[in-house]
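2 protein chains.
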Amino acid sequence: MLFTGTHIHKLDRKGRVSVPKRFRATLDHETFAGIYLYQSHKENALEGCGESHMERIAASLDDLAMFSDEADDLADTILGASHMLPFDGEGRIILPPELIEFAGIDDQVAFVGRGRTFRIWNPDVFKPLQDASRTRTLNRGSTLKLKPLSDTPASSRPAAATGTAGPDDEGATG
Amino acid sequence: MLFTGTHIHKLDRKGRVSVPKRFRATLDHETFAGIYLYQSHKENALEGCGESHMERIAASLDDLAMFSDEADDLADTILGASHMLPFDGEGRIILPPELIEFAGIDDQVAFVGRGRTFRIWNPDVFKPLQDASRTRTLNRGSTLKLKPLSDTPASSRPAAATGTAGPDDEGATG
DNA sequence: TGGGATTTGATGGGGGTCAATGGGAATTGA
DNA sequence: TCAATTCCCATTGACCCCCATCAAATCCCA
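Sequences listed follow chains A and B, in order.
Sequence positions in the first sequence follow our numbering and run 27 to 200.
Sequence positions in the second sequence follow our numbering and run 27 to 200.
Written out as structure tokens, the structure reads:
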């Protein structure tokens with residue numbers, strides 16, 4: 027199951043916040059009942075994921091770090107600076123003060139789904155950025171090139187986002 | 027099975043609307059019994075699809091989002107803005123107020139099939155647009171170029187390309 | 001083929017359940 | 001012993017399950 031949608035929850039005075047039920051459901055099969063959080067490299071937000079995805083990141087960085095200084099830095103900033111946050115009985119986590127400060131979070135927390143990962147924002151920061159994303163997407167006429175369906179070989183055609191849409195992607199009518 | 031046809035249903039005072047039986051049948055095999063909805067990027071409408079299609083969108087964005095600002099925008103406006111809406115026992119969903127407002131929906135809801143996806147409109151808004159679309163298609167003399175049967179499994183690969191679009195063009199944004 | 005009977009999909013509404021939240025008690029560790 | 005963390009329970013309000021009704025399509029049999 028995917029992380030989707032935007033869910034705004036409250037940060038209580040103990041620094042706890044409920045992880046959306048839908049997100050918890052996505053993590054149901056993980057052996058570790060909780061999430062991993064680390065600071066985003068390009069946004070004023072936190073990146074979050076489950077255990078299996080974190081292991082995938084680790085594996086990728088592991089391979090790359092041998093050859094690339096950049097990957098080496100990433101290993102430090104992702105693996106070294108990530109927080110492993112277990113759920114309490116009610117499905118909440120405690121947001122570390124360091125991360126609260128980094129994301130500029132006040133009393134509200136926005137969980138924003140991104141498929142296999144999610145981000146955590148101050149909702150007041152995220153909303154205008156999302157609006158800007160929508161405007162840019164509209165202006166450039168972006169069309170997402172979908173990966174081939176599962177019954178076609180995945181190797182044949184990598185996904186790619188085009189700069190401009192075709193002349194008209196309306197399906198043919200009658 | 028595909029999403030086809032236009033079906034107009036009523037929005038009740040609880041914000042619920044029945045998803046057309048035909049559409050539900052199309053989603054029968056999905057593990058998640060419900061639909062995903064997000065705001066269209068170019069129309070005053072909502073884009074809808076089932077879980078597997080949303081997975082396909084996520085997979086297409088996933089690897090890319092790390093490097094492309096454009097894919098990043100799409101992740102925010104599709105994955106981050108989509109609503110996962112489960113069916114109740116009667117096959118209804120609850121339309122979130124945010125989406126009702128965006129689509130300018132009053133008390134009636136038009137479900138319009140688009141193959142593997144569908145759109146949701148205020149019928150009063152959609153009708154004139156549909157008429158205009160038909161007129162344009164007639165004037166343009168568009169011809170639908172069918173894909174060869176061999177690489178078109180009936181279960182998953184309907185024809186969708188217009189005379190001007192490339193054979194593999196398939197937009198996820200509208 | 002027609003008209004009544006039956007099934008099924010769409011709609012309305014009430015109430016129980018559960019997710020989100022807040023706070024206190026118990027436990028742990030320094 | 002004190003502070004911080006974890007566990008537990010209580011509240012509340014939104015959501016989901018259930019049932020009841022209605023309309024429309026389908027079926028059935030003469």
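We put the CB at the ideal spot given by N, CA and C, even for glycine.
Assumed close pair residue i, residue j - CB separation to whole angstroms, cut-off 8 angstroms
i: B:H33; j: B:F137; result: 4 angstroms
i: A:S44; j: A:E116; result: 7 angstroms
i: A:G141; j: B:L100; result: The Cβ separation is near 11 angstroms, so there is no contact.
i: A:A59; j: A:F113; result: 5 angstroms
i: B:S108; j: A:G31; result: 6 angstroms
i: A:S168; j: B:E73; result: Between B:E73 and A:S168 the Cβ distance is about 14 angstroms, and since that is not below 8 angstroms, they are no contact.
Residue i burial status per 10 Å Cβ neighbour count (16 or more: buried)
i: A:S49; result: Inspection of the sequence shows that residue 49 of chain A is occupied by Phe rather than by Ser. Per the 10 Å Cβ criterion, buried.
i: B:M80; result: buried
i: B:F29; result: buried
i: A:M92; result: exposed
i: B:T52; result: buried
i: B:E202; result: Past the boundaries of the shown model lies residue 202 of chain B; chain B is included only from 27 to 200, so the question cannot be answered.
i: A:P204; result: Missing from the structure shown is residue 204 of chain A; chain A here goes from 27 to 200 and no further.
i: B:N165; result: exposed
i: A:Q156; result: buried
i: B:L125; result: buried
i: A:K173; result: buried
C-beta neighbour in chain B for residue i, strict 8 angstroms
i: A:Q65; result: no
i: A:K153; result: no
i: A:V138; result: yes
i: A:R142; result: yes
i: A:Q156; result: yes
Per-residue contacts from residue i into chain A (C-beta, under 7 angstroms)
i: B:K40; result: Simply none; closest approach about 20 angstroms.
Neighbourhood of residue i by C-beta, 6 angstroms cutoff - its chain only, sequence neighbours within 5 removed
i: A:I120; result: G41, R42
i: B:D133; result: L37
Closer than 7 angstroms at the beta carbon, the chain B residues around residue i
i: A:S86; result: Under the 7 angstroms cutoff, chain B gives no residues; its nearest Cβ is about 11 angstroms from A:S86.
i: A:K47; result: Chain B residues near A:K47: none, gap ~11 angstroms exceeds 7 angstroms.
Close beta carbons around residue i, own chain, < 7 angstroms, minus the five adjacent residues each side
i: B:V151; result: N70, G130
i: A:I83; result: I104
i: A:W147; result: A71, A129, A136, V138
i: A:L90; result: A97
Within-8 angstroms CB hit, residue i to chain A
i: B:H55; result: no
i: B:A107; result: yes
Under 9 angstroms by beta carbon: chain B residues contacting residue i
i: A:S94; result: Ordered by position in chain B, no residue passes the 9 angstroms Cβ test against A:S94, which lies about 15 angstroms from the chain.
Proximal residues to residue i (C-beta, below 8 angstroms), its chain only, five neighbours per side dropped
i: A:P123; result: G41
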